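Numbering (our numbering), first residue to last: 1059 to 1114.
Where is the CB? At the ideal position from N, CA and C, for every residue including glycine.
Quick caveat: nothing in here was measured; it's all calculated off a predicted structure.
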Amino acid sequence: MRSSLPAFNEIWQRKFRSHLLNQAEQFSPETTFLIGCSGGMDSMLLLHLMSIVFPA
1059 MRSSLPAFNE
1069 IWQRKFRSHL
1079 LNQAEQFSPE
1089 TTFLIGCSGG
1099 MDSMLLLHLM
1109 SIVFPA
């Protein structure tokens, strides 16, 4: 039996993805982003996500 935590994470991720894609449509193609990160795993995942959603 699955715990409620994975289900919550799946719902949260789905909502986050939907919100991020909706927000992404509001930026012009000329928009640039400057992201500072600590170099940790979460920061690297964020950079990877941004490079996919907003390719250079």
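In the three-state reduction of the DSSP assignment, leucine 1092 falls in the coil class, being assigned neither a helical nor a strand state. In the displayed model, alanine 1082 falls within a helix according to three-state DSSP. Residue nearest to glycine 1094 within the set Leu1104, Lys1073, Ala1114, Phe1074 is Leu1104 (criterion: CA-CA distance).
Distance between proline 1087 and valine 1111, taken at the CA atoms: about 12 Å.
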